[in-house]
Structures are given as structure tokens and as C-alpha cells.
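K.L.:
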Amino acid sequence: MATMDRPLTQNIRTGRAFATLEDYRKTGGYEGLKKTLADLKPKDVQQWVKDAGLRGRGGAGFSTGLKWSLVPIDQAPAQPRYLVINADEMEPGTFKDRLLLEKDPHQLLEGIVIAAYAIQAQTAYIFLRAEYRLAAERLTRAMQEARAAHYIGAHILDSDFSLEIHLHTSAGRYICGEESALLNALEGKRATPRPKPPFAVVSGLWGRPTVVNNVETLCNVPHILRHGADWYKGLGRGADAGTKLFGASGRVKKPGLWELPMGTPIREILEDHADGMKDGYRLRGFLPGGASTDFLLPEHLDVPMEFDTVAKAGSRMGTGTIIVLDDKTCPVQMVLNLERFFAQESCGWCTPCRDGLPWTVTLLQDIVEGRGRPEDLDTLSRLTRMLGPGNTFCALAPGAMEPLQSALKYFREDFERYIFQNRTLKEAV
Amino acid sequence: MATIEVDGRTYEVQDGSNLLAECLSLGLDLPYFCWHPAMGSVGACRQCAVIQYKDAEDTRGRLVMACITPVADNLRISLNADVARQFRADNIELLMINHPHDCPVCEEGGECHLQDMTLMTGHTSRRYRGRKRTHRNQYLGPFVNHEMNRCIACYRCVRFYNDYAGGADLEVLGIHNNVYFGRHEDGTLESEFSGNLVEVCPTGVFTDKPFSDRYTRKWDLQTAPSVCVHCSLGCNTTPGERYGELRRIVNRYHGDVNGYFLCDRGRFGYGFVNSDLRGRFPRIERQPVAVAGTAIEHFRTQIRSAKGIIGIGSPRASLEANFTLRELVGETNFFLGLDETEHDLLESILGILANGGIHTPTLRETEQADAVLILGEDVTHSAPRLALSLRQSVRNATFDLARQLKIPRWLDAAVRQLEGQVQSPLFIASVHATRLHDSAAETFHGSPEAIARLGFAIAHSLNPESPLPSGLDEAEEALAALIAGRLREAKRPLIVSGTSCASLAVVQAAYNIARALPAQNKGLLYALPEANSLGLTMIGGRRLKDAFARVQDGSADTMVILENDLYRRAPAPQIDAFLDAARHVAVIDHLENPTTAKAGLLLPAATFAESEGTLVNNEGRAQCYFPVYPAQEPILAGWEWLIRVMDNPRWHHFRDLTSACAAAIPALAGIERFPAEEHLPKIPRQPHRYSGRTAMHADVSVIEPPPPQDCETPFAFSMEGDTVHVPPALLPVVWAPGWNSNQAINKFQDEVAGPLRSGNPGIRLIQASGMLPWFDRIPPAFVPERGFWRIVRLPNIFAGEELSAHSAPVAERFPDACVFVNPEDAETLAVSNGDSVEIRYELELSSLRIPVRIDSTMPAGLLGITAGLPPFRHLPNGARVALIKAGPEAPAKTGENQ
């Protein structure tokens, strides 16, 4: 693939640990920023990104340009505004931001400065997953380089625009990836989600207008500014614009991560890029976008990876990193493993999540350990509805219910086998 | 107003409110946990789920949480839709997964919001088969028990304790279903409002510790409406009795005064009622007598044979008791029984309240203030419940900002996010740092003179006609200008002052500031020393020193002292001389104290819990308390002793007495309507589930005695009577079908958190009118004197009040006895923290050895002592003392007064 076709990973090469400032500039790095500061007003930047059709890569797929345009930037007197970068990549099975952070940190920094300019933020915080130590190291180094080169700091590239970027390494909790819990954590409070409304663009960090963007989202921005909205839209194969990092984990021959056009069919990702299933394993199903998405089946392989098409198939594109379920892995145990994670990571704020998730774990554990009862499946089904969207305070529990509810739908016989044939964990494997 | 449709019926509701509050205001039953009428919505518990429909055609609707759903015109919702009912039942099932179901042994049982809500949702059987998670409980001090296993994680405790009350030592720890609400280590809860956790907690995690020691179910408690007697604010309380013993006090909602919360002194200070120090029998010349009649005969003889009689009233006795004493001895022989300074202060304050033309706000109104200046008070200690209200006042600027951002004020978490951007100013000028300093915009520490001078400077800055103190330094001038500037901008400025500084100049400076404020909607509030300080001053009477003179010159030889320990009013030698010179000293009081020890005739008086009376709080609100249970013979109410000793009493009943008091004293005319009109049939003090009535005393006698008669109040010592037509202000207990906890109060308000239906209790006796001339007696600056220090008494919530200090759990919270000195003074004395100093009185020969605490906010030349602590009882405010560092292991010297 030509570099122009994979802008996000163009600087990632075998044999190179990571792209330095020099490496980054060689492929046109910081050109987008130069153009932005020289020629464009903040509203223009917002419009460009809106026109380009960039949708948030954290999983929700909200229009980035639209989000920026909701920030009040004309009030007098001017008040502090913040850009916060959600680099708390903790979704099980997801490792896309890590690649971008570790291999090409300047791409993110350029995206941050442009985005901050678009919303007239004076301060940006990168909220980084605790375990991403290498990323922290490389970001710190890149920030020093960028500061020395006047890409961040006061009067960036001799313009009127100034921006301070702070790197904040998380103390480590899944819920910190929820943007409002992230803001609380950043303020030094418990990482409990906030009520919405008000949204962060109205009252975010320290109650000020704030935009929270995902790492991958912002990495797209310099390229849009450099090459234009039409170019960006042309990158996609279907309705969604641009490219995206897609990944695959599980028993495929070549687990990994690839930058591909939006709209690439799942079959292409799993068969061409991941090279198909390992010998002796058959594809049973997959979670298309991380742990908190619904299972899809082999029959869905031709669904293009796009926000709306995957949703229509009954799941979510989420982070675009596929977790593969093979025929020799027990889906019940896989779901139990996931639910344990979600129950552990519930912040404890709202009842259904705090007390419902541990109950699903107990039930699933009873089932795989041979203590399951027929009515447990009804209870689990009821819990998936009870913990559904709108019923809980944030999206954690509904996300946790997605693999469970779809497993109950697609792999019901596996659950029933435990219950009705008194199979135990050992026998099931 | 907005029109909404709930399950097919239309209602008019408050626009801008939330659905839960409005449903409750409409009298509908919708279960909830995390929402609290005073603390707003956070959407955590998910219990108040209802179905909201898009429009008239929508039949499915979607589930929303009522507490975080704003009311809008034409909103269509259903509480009864199957989906909503099922969700609420399922949610309770989740909440109850780890709950121990230990209701039979839980102190909350029978008044448990969790029980009520569980029943309301219909959840009866559990499907969960796993193990319950368990927690270790903590020791939280003498007031509150901790049983974390009962927790349903509604977060109300931390929201009250930290967000609302400004505490810092109760936290939520841990995550997922292991969240833990406690301290980071075992230890006494530091907040002065910790007892509210007992009522804020919807289940039995935080329970009333002194109550659990002498536990009784709510339904077995005999109760009556009451008023707190431990400070001047007049918070409403519901004391409960069983077996002739006062068992506990809970908050009684008053929309204008205490709202939903009490301070810990008010909640736990009742122990004196059950104290061993209670006089249970009359005593004639130190000999107890068994019946009241004997004592009354003796009393009568004394009065008949008196050459001259004087009566000394009390700021902690009711209007009726004080009035009857005045009637007994005659107006010219009635003395207020206050120390000189306090007498001056109270008269001056009454003058200001009555004729100064400035409104005294209710506590509820103080919460609305958008700029507050506290002049010379440490309100957390001198008027504790006020501190909680003032903490809310600083949030008003945040509420304004929230309104601009279209964030409703009840959406608590969202509003609190804005904190830190703006704050309504709170200025505190006090002797040393106070507990409210964390909320203050600016603070000033100084001697009472310095505080008064700053006050005068602020008043002058607001209005140049108000006199300017001379010789202010630049910093003081700048601070005065800054404070004046912020007060001038405010729409609802409030000046808070009081008697703690024992300084007339402070009181008067506060008036000058209030008068100088341009705002229409301004307030001036004084914290006073005792529960009926203002009422006593309104009755009026002579000074204590005149009483001394009367005995001295022989024109009086008999005295009647009503509920007043004179040793708290003047130095002991003076009181000794006074009491010794009288031929007859009759004392009417509850507790043994130095004065009762000198009584030739002691008449044991009923406390607030066993008698009725009217108290006037600091805002001039007359409120009535009623006996919770009958006083045990031969104990009588103060007023009753006094009536019974009269030869031809004109009144025999409390109500007549109240009317007579109203008729005789124009300032008190308002209490004519007090207490409530005769209520027939009477209101039962015992709940309809009261148990064991026929068996309670079966160990003594199997004959069921007839219930005691109450001829004085609208209440009966009985289960029988009218429970239907009771005005909410007279409810002995808050209860409604399905609502057994105190949260049943919703059923007695038209709007949640609004006034009680049929009105909040009490009658305001003072309407602001007139205007006083500018006060111009500005004191010169206090200049420390080399080698000498001036005693300044610092109020303390636990040690500072006479009666509550006799409550064992309160006494456990006494601060350590120490003296506060400025760091430079400490250096002069060559002492460090914890070293002892010897205090030598200037006039007396005794001295006191006491550890030093260095306090950087203490003004130089002042020696701070905690008012009320036993070692300091005899150290008068303002005394000039010498200090020397005490030797490291100096043995107690003769004459030393430890």
C-alpha cells in the first residue's frame, strides 16, 4: 500500500524503534500544523474536520468536528478551555493506540496542537494508561523535541497561539477510559463517571469547556489538514471516511494490527491480513471491536468494518480490534473471563453495575463449575436487560452485557450443556 | 408551573424541578435512596426509575431515572408501567444481594428507609445464591456505630459528610461491590455534624451509638415535639422516651430553621436528663423530702417570712417559668441572672433587633446569602447548625454559574463540578482560625477590639457617615475596603455576629455594617449564649449586681433562683458572699451544681423532656416544647413549682400562663396563640404500634395503671387519640403508611424541602423596624502588655454548654485542656507545643498549670482557653494573667488549682 493510503502508520517501519522528530518531518510532519496556524481560523479547522467526516476512534464514533464546534470559543471574558487526550487504552483485546503512541508520538502531538487550536484550548492533558511506560517515555522525549522546535509552548511557530501539554499517567483503572471518569481522575477525585448532561464541552475539566479525544482520532487530524477533507473521505471504502487501525487477536495465524480503509470487510482482515485461523481451529465467532461488543458469527464475515454496518449486524465496531473465538475455546468461559474483568473494574457508583456484574460472574461461575440451574439462564438474560443502556449511570455495564447477551443468543447450547448435562469445567475443555 | 401526566392523570408541578422531587411533592410513592431533599440528585442508586413517553402516541416509552430527569411541560410518565415496576424490584434485589437481612437485630429496623423501599417495590424473594461480601467495621467515636455490611452504597453518607458538611475524614474507599464508606483508619468522626449520618443513611450502617446502648424500637418510643435547649438557634427535635428514660433525639424537620439536620451537641446532649446529677427529690436544709407538698409548704413559709424577696431568672428556662417567677416576686424584684457583660450584650442586641430595622434571617435564609461576614464568632462552636447553613451560602455563586450553563441546581454532582471557579464570599473575622476557614474568602484574626475596629472600618467604607476608627494599619484598611466592596455588590448580604467575643463594640460594629449595606435584602444575625437568652431579655429585669446589692443592704433576705448556676455568672467569691448573706435560698433546677449545693431549699425541676415551655431563639422566634413523658413525682416543671407556691395563683394551667405572659409583656404578645389551640381528641404521644403497654411495669405490678393525664398540652400520654387531623408542626413522630423512617416527612410538606403543611413551627416576635443611630464607641486597639496575657474564652461545641456537657458521649468529645498561644508569645515564654505553663491570676492567689498549644492564628497577647472545660471554669473572660513556663516535672504546689 502506498504511504498516502496509510497515513497513520506511514512512519512505522520495521527496523526503526520509533519515528523521531526528524523522521516525522521527512514525511511531511508538522506541515498540517504550519498550514493551520498560518491560514486557518479555529472555526475553519473545525469545518475541515467536520467535512472530512472524521468520527471518534475511541469506539462511539461521534463526529470529531461536530464535537469541537460545541465548545463555546467566543465568550468574553475568555475562560480556560481544555483538550484532554484519552490514551487510557484498557479495553481488553485493544492495542491500537499503543502502536501510535510508541511508534510515532509526534503524529499525536501535531494532532493535539491542531485540535487545541480548533477549540482554542490553552492546555492539553494526555491521560495515559498506567502500563504504557514505553509510550510515556517516548511521548516525554517527543514533547521535549517539539517544545524545542516551537511546536508546543508559547507562541507556537511564532503565531499568537500557545499551548501547554501535560502528560498524566493514570493510576490504572478501566473506568478512567470513560471520559467523564477520566476527568474526575485527572482532577484527583475518584474515577466515577459524571452525569451527562452537562457534557464535557460545556462543563468538563474543573468545570470548564473540555474536549476529550481518543489518540487515534487525533492522529488523523494532521493528515486531514495537510491533504484536505476530500482526500480523507476518499480513503474510506464505504460510508465512513479515512483509514483505521484494525486488529485481530485469538487463534489466527498472524495476530496483529493493520491500517486499512474504513469499510474493509471483516473477512479481509481475518483472512488476508491475519492469515486465517491457526491450523486445526475453526472460527466460531468474534467480538468485532473489543471486549465490550456483541459477538458476531462467521456469517457476518462480509460485513464491512464501519460504524453503521457493524451496528446493523448487531454489534459495534468499537475500537476495531477483533477478538476471535475458535471452536476449541468455550464461549461460556470466555464470557466469564470478560465479566470478571468488568465486575472488577466497575467503579461502584450505580447499583446495576456494582451489584449486577458480580452476580453475573457468580452465575457464570456456578454454570461452568457444574452448579448451574436452568433458571440461571433466565436470570442472566434478565440481567443483560437490567444492565442495558440507559439503566446504568455510564456505558460500562451495558458494554459488559454485550458479549454476554450475544453469547446467550448464539452459543446457548454451550450454556445448556453445562447445566443439563452437568458438565464441569474440566470436561468442557 | 408545568403540566405533567403521570399514569394518565395530569398534575401541575414546579417547572425546573426534577421528576422525583415532584412525584414526592404530589404525594406519590416512588422509591429512592441516593437522592436527598437537601442534597439533590446524583443518579447513583437507579431506584427511582419511571417510564418516560415521547409524546401522547408513544406506548413503549423509555426508562429514565426520575431524580435526574428535569420536569418539562407536557411530560408524560408512568410509575406503574410493568417495565418500570420490574426494574425497581430488580434493582432492590441487586441492592439486597449483600445486605445481611439482620433487621431483627438492627437498630434501624422499624424506621429503615431500605425496609420501606423494599416493601414498596414488592421485592420479596432473592435469587442470588452466592456468598455475601463482608466488611470490617470501624470505631467511629462515641456518637455513631458502624456496620458496613448493611451498606447499599447509596453514597449519601459521604455526600453529606464531605460535600454538604465540609468534613474530610469519611471517605468512600475501594471499588466495585467492595466500596467501603468509612475512615482511612478507626477513630472518632471529626465533624460536628456526624450524628446526621444516622438519619442520612437509609439503612443501619450508621446508627446512634448512645441510643443503641439503651435501645428501643421507634414504635416503642413515646415522643413529643421539642426544641433543642443547647444553643440559641432553636432547632426542632423529636426526643424519644421509654421506661421513664430519655433514649434519643432525632431531627424534627423545620423548613425555616434546622431543615433536615442537627449538630452533634443537639443530638447527643440530652444525657443530662438521665444523669445521676439530677435532683430527684426536694431538699430542705440538705434533707430530701418525698413529696412536693412538703417542699411547697416550706417554700411558702419562707416567702411569707421574708423581709424582702428577690427572684433570679434564667436564660435556659422557659418564658413561662421566668414570667411566673417575676409574678411571684414582683417586677422590681426580678433579676435576669446574667453576668454584667452578657446583660449589656443581650440588651444591646435586643435593641438592635427590635429597633435597628434590619431583618434577622432564618437559617434557611442564611443559606441564600450571597455574601457573608462573620464578625467575632466561631459559629461552629457557638451556634453550630448555623455553620452548616453558612457552608451552603458559599455555593450560591456556583448555583448562578450553573444556571447560566443550564445546569439545574438539584443536579448535585454537575453543580459541584463548577466549584472552584466561583464562590460566594464568606469573610471571617475571629479570634483565631475557625472550622469554617476552609470555606472563607478572607480571614482576619485579632483581639475583640481588633475585630470591632475592622467592623467599624468596613461600615465606614460602606457609608462614610459611620464613624471611622483611627490608627488602622494599611492591611486592615485594605481588608476593610475589600470586604466592604464585596458586601456592597451583594444582593443578599448577611452579617453574622454574636456574644462570643463578649464585646459590645463587636455587636455594635456588626449593626453599623448591616445598616450601611445598600442591599434591600440584607440580614443581621446574632448568635446568643443560651436557648432562651433572647426570651429572657425580652421579659426584662434587673442586673445581677443589683441583686447582690439588695442582699448586701438587707432589703432582701430571701431569694428564688430559677434554673441558673450563678457560679457561671460571676466569680465564686462574689457568689459565695451573695448566697451566704441571704437567709433563704430556694433553687429550682434540674442538675446538682455549685448553686444547688448552697440551696436551703432545692426544688427539682423537670427538664425540657418532662415539661412544657416556650423559648425564643436568636431570630426572635418563639417555639414551644412539650413534655415527652411526665416528670416523675415529686419533680415538677419550674413554672409549676412557682405557681403552686403562690397563695392565690391566677392561673393553674400552662396555656393560661402563656396567655398571661403574652398579655403582660407587649414584646411577647405574639405567643398568645401558643401553644396550639386545644386539640380534642388529644394527640397520642405513643405510636399506634406501641407495644408492651400492659406489660411494661408488670415486674412491679400486674395492674395496668391509668395513663398519666396531661391537662397542659394538646398531647396525651397514650396510644389513643387523633392521628388524622394533626397539624404537621405538632406531629409527635413522623410516620406515614409505608414510610416508617424520618423520610416520611415528605408526606407532610406541600413541596419536598419546603415548609411543613399548615406552617413551620413558631411565631416570629420581632419584625424589623426603625433605625438606630450609628454606634460610635470604637475601642482603642488592644496592645499586648509585656509579661501579661489576656484570657479569651473560645467557645466549644462540646464543652461549652452547661447541660449537654453532662452527657457522657458529649463529654468524651471534650477537647484536651490546653491554652492557645501565639508562636511569638511561645518563644517569649520559651515553650513549645505540649510544654506546660503556669497561669497566675492577677487578682486571685490561685494558679493553674496547663499544657500549651501553639496556634499561629492566635493574636499576640491573648491566651485562648476553651470555654466550659473544667480547669477553666473559674477563669473569667478578659482576665489579666501572668504566665510562666512550668518546670519539667514540677510537683503540684499548694494552692494550685488543677
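One line per chain: the protein sequences are A and B, in this order. Heads up, the first sequence is in this note's numbering, so the first residue is 1 and it goes up one at a time. Heads up, the second sequence is in this note's numbering, so the first residue is 1 and it goes up one at a time. Glycine included, each C-beta is placed from N, C-alpha and C at the ideal position.
#1: For B/H113 versus B/A89, is the C-beta distance shorter than 7 angstroms?
#2: Please compile the residues from chain B whose C-beta is within a distance smaller than 8 angstroms of the C-beta of A/N391.
#3: Could you say which of B/V628, B/A44 and B/M646 lies nearest to A/S351 if we only look at CA atoms?
#4: Give every residue of the same chain whose Cβ lies closer than 6 angstroms to the Cβ of A/F411, excluding the five residues on either side of it in the sequence, and list them in chain order.
#5: Measuring CA to CA, which of B/A165, B/V645, B/A622 and B/H184 is closest to B/R764?
#6: Among B/R685, B/S503 and B/E489, whose alpha-carbon lies nearest the alpha-carbon of B/A516?
#7: Please list, in chain order, the chain A residues whose beta carbon lies closer than 8 angstroms to that of B/Y128.
#8: Examine chain B for any beta-carbon lying closer than 7 angstroms to the beta-carbon of A/G370, and answer yes or no.
#9: Flag this pair as yes or no: are the beta carbons of B/R583 and B/L544 separated by less than 7 angstroms?
#10: Taking C-beta pairs closer than 9 angstroms, name the residues in chain B that A/Q47 reaches, listed in chain order.
#11: Return yes when the Cβ of B/P37 is within less than 7 angstroms of the Cβ of B/M120, no when it is not.
#12: Give the list of continuous beta strand (DSSP E) stretches no shorter than 3 residues that lie fully inside the segment 486-537 of chain B.
#13: What residues from chain A crowd round B/H176, counting only those whose CB sits closer than 8 angstroms?
#14: Could you please give me the residues that DSSP links to B/H101 through a beta bridge?
#15: Just list the residues that DSSP pairs B/A429 with in beta bridges.
#16: Given that B/Q421 touches chain A, what residues does it touch there, using C-beta distances under 8 angstroms?
#17: Which residues in the same chain have their Cβ closer than 6 angstroms to the Cβ of B/R283, if we skip the five residues on either side of it in sequence?
#18: Tell me where the alpha helix (DSSP H) around B/I839 begins and ends.
#19: Hey, A/A239 and A/A52: beta-carbon distance below 7 angstroms or not?
#20: Given a limit of 7 angstroms on CB to CB distance, which residues of the segment 388-420 of chain B reach chain A?
#21: Between B/N137 and the rest of its own chain, which residues show a CB-CB distance below 7 angstroms, the 5 nearest in sequence each way excluded?
#22: Suppose you measure from the CA of B/S659 to the CA of B/F160; what does that come to, to the nearest Å?
#23: Could you work out which residues of chain B lie near A/R190, taking near to mean beta carbons separated by less than 8 angstroms?
#24: Measure the C-alpha to C-alpha separation of A/L435 and A/P77 and round it to an integer number of angstroms.
#25: What number of angstroms, rounded off, separates the C-alpha of B/G868 from the C-alpha of B/E563?
#26: For B/A383 and B/N258, I'd like the C-alpha separation in whole angstroms.
#27: Does the beta carbon of B/D163 sit closer than 7 angstroms to a beta carbon anywhere in chain A?
#28: Pull up the distance between the alpha-carbon of B/E285 and that of B/I303, whole angstroms please.
#29: To the nearest angstrom, how far is it from the Cα of B/E678 to the Cα of B/P225?
#30: By Cβ distance, which residues of its chain are closer than 7 angstroms to B/A457, with the 5 residues on each side in sequence left out?
#31: Please report the straight-line C-alpha distance between B/L525 and B/A452, rounded to a whole angstrom.
#32: So that I know if they touch, is there some Cβ in chain A lying closer than 7 angstroms to that of B/V200?
#33: Compare the C-beta of B/G43 with all C-beta atoms of chain A and state if any pair is closer than 7 angstroms.
#34: Under 6 angstroms Cβ to Cβ from B/P732, same chain only, skipping five residues before and after it: list those, please.
#35: If you compare alpha carbons, which of B/G878, B/F872, B/L863 and B/P871 is closest to B/I884?
#36: Assign A/L287 to one of three DSSP states: helix, strand, or coil.
P.N.:
To lay it out plainly:
#1: Within the second sequence, residue 113 of chain B is the residue found at index 113, counting from 1. Within the second sequence, residue 89 of chain B is the residue found at index 89, counting from 1. Contact annotation: B/H113 and B/A89 have beta-carbon atoms that are not nearer than 7 angstroms.
#2: Here residue 391 of chain A corresponds to residue number 391 of the first sequence, with the count starting at 1. The answer, in chain order, is R46, A49, L63 and F87.
#3: Here residue 351 of chain A corresponds to residue number 351 of the first sequence, with the count starting at 1. Looking at the sequence itself, residue 351 of chain A is Thr, so the reference to Ser does not match. The option with the nearest alpha carbon to A/T351 is B/A44.
#4: In the first sequence, residue 411 of chain A corresponds to position 411, counting from 1. So the list reads P331, once near-sequence residues are dropped.
#5: Indexing the second sequence from 1 puts residue 764 of chain B at position 764. Per the Cα distances, B/A622.
#6: Along the second sequence, read from residue 1 onward, the residue named residue 516 of chain B stands at position 516. Ranking B/R685, B/S503 and B/E489 by Cα distance to B/A516 puts B/E489 first.
#7: In the second sequence, residue 128 of chain B corresponds to position 128, counting from 1. What B/Y128 touches in chain A: W359 and T362.
#8: What you label residue 370 of chain A is simply residue 370 of the first sequence in a count that begins at 1. Not an interface residue.
#9: If you number the second sequence from 1, residue 583 of chain B lands on position 583. If you number the second sequence from 1, residue 544 of chain B lands on position 544. No, the pair does not count as a contact, with Cβ atoms beyond the cut-off.
#10: Counting from one through the first sequence, the residue named residue 47 of chain A turns up at place 47. Going along chain B, no residue has its Cβ under 9 angstroms from A/Q47, so there is no contact; the nearest lies around 25 angstroms.
#11: Walking along the second sequence from the start, residue 120 of chain B turns up at place 120. Walking along the second sequence from the start, residue 37 of chain B turns up at place 37. Not closer than 7 angstroms, so no.
#12: As far as the segment 486-537 of chain B is concerned, its whole beta strand (DSSP E) runs of at least 3 residues are 493-498 and 523-527.
#13: If you number the second sequence from 1, residue 176 of chain B lands on position 176. Taking a Cβ-Cβ threshold of 8 angstroms, the residues of chain A close to B/H176 are A343, Q344, E345, S346, C347, G348, R354, L357 and P358, in chain order.
#14: Translated into the one-based positions of the second sequence, residue 101 of chain B becomes position 101. According to DSSP, B/H101 bridges with nothing at all.
#15: What you label residue 429 of chain B is simply residue 429 of the second sequence in a count that begins at 1. The partner list for B/A429 (beta bridge, DSSP) reads B/L375 and B/F444.
#16: As a first step, residue 421 of chain B must be located in the second sequence, where it is residue number 421. Chain A residues near B/Q421: W206, G207 and R208.
#17: In the second sequence, residue 283 of chain B corresponds to position 283, counting from 1. Around B/R283: L602.
#18: Counting from 1 along the second sequence, the entry for residue 839 of chain B is found at position 839. In this chain, B/I839 is not harboured by any alpha helix (DSSP H); it is covered by the beta strand (DSSP E) spanning S836 to Y841.
#19: As a working mapping, residue 239 of chain A is identified with position 239 in the first sequence. As a working mapping, residue 52 of chain A is identified with position 52 in the first sequence. Not a contact, by the Cβ cut-off of 7 angstroms.
#20: So the list reads L405, I407, L411, A413, A414, Q417, L418 and G420, given in the order they occur along the chain.
#21: The residue labelled residue 137 of chain B in the question sits at position 137 within the second sequence. If you ignore the 5 residues before and after B/N137, its C-beta comes within less than 7 angstroms of the C-beta of H146, E147 and M148, all in its own chain and listed in chain order.
#22: Within the second sequence, residue 659 of chain B is the residue found at index 659, counting from 1. Within the second sequence, residue 160 of chain B is the residue found at index 160, counting from 1. Cα to Cα, the separation comes out at about 42 angstroms.
#23: Here residue 190 of chain A is taken as the residue at index 190 of the first sequence, counted from 1. Per Cβ cutoff of 8 angstroms: V172.
#24: The first residue shown for chain A is 1 and the last is 429, placing residue 435 of chain A beyond what the model contains.
#25: By 1-based counting over the second sequence, the position of residue 868 of chain B is 868. By 1-based counting over the second sequence, the position of residue 563 of chain B is 563. B/G868 and B/E563 have their C-alpha atoms spaced approximately 18 angstroms apart.
#26: If you number the second sequence from 1, residue 383 of chain B lands on position 383. If you number the second sequence from 1, residue 258 of chain B lands on position 258. CA-to-CA, the gap between B/A383 and B/N258 works out to about 12 angstroms.
#27: For the purposes of this step, residue 163 of chain B is identified with residue 163 of the second sequence, where counting begins at 1. False, the Cβ-Cβ gap to chain A never drops below 7 angstroms.
#28: The count along the second sequence starts at 1 and reaches residue 285 of chain B at position 285. The count along the second sequence starts at 1 and reaches residue 303 of chain B at position 303. C-alpha separation (whole angstroms): 16 angstroms.
#29: Taking the second sequence and counting its residues from 1, the one referred to as residue 678 of chain B is at position 678. Taking the second sequence and counting its residues from 1, the one referred to as residue 225 of chain B is at position 225. A straight-line Cα-Cα distance of about 15 angstroms links B/E678 and B/P225.
#30: In the second sequence, residue 457 of chain B corresponds to position 457, counting from 1. Closer than 7 angstroms at Cβ, skipping near neighbours: L468, P469, L472, E476, E477 and A480.
#31: As a position in the second sequence, residue 525 of chain B is number 525, starting the count at 1. As a position in the second sequence, residue 452 of chain B is number 452, starting the count at 1. Going by the C-alpha atoms only, they are around 16 angstroms apart.
#32: Here residue 200 of chain B refers to the residue found at position 200 when the second sequence is read from its first residue. With 7 angstroms as the cut-off, B/V200 does not count as an interface residue toward chain A.
#33: Numbered from 1 along the second sequence, position 43 holds the residue referred to as residue 43 of chain B. Cβ-Cβ to chain A under 7 angstroms: yes for B/G43.
#34: Walking along the second sequence from the start, residue 732 of chain B turns up at place 732. Within the same chain, Cβ atoms closer than 6 angstroms to the Cβ of B/P732 are found at T223, A224 and R685, the five residues on either side in sequence being excluded.
#35: Locating residue 884 of chain B in the second sequence gives position 884, counting from the first residue. Put simply, of B/G878, B/F872, B/L863 and B/P871 the residue whose alpha carbon is nearest the alpha carbon of B/I884 is B/L863.
#36: Stepping through the first sequence from its first residue, residue 287 of chain A is reached at position 287. DSSP, reduced to helix, strand and coil, places A/L287 within a strand of the structure shown.
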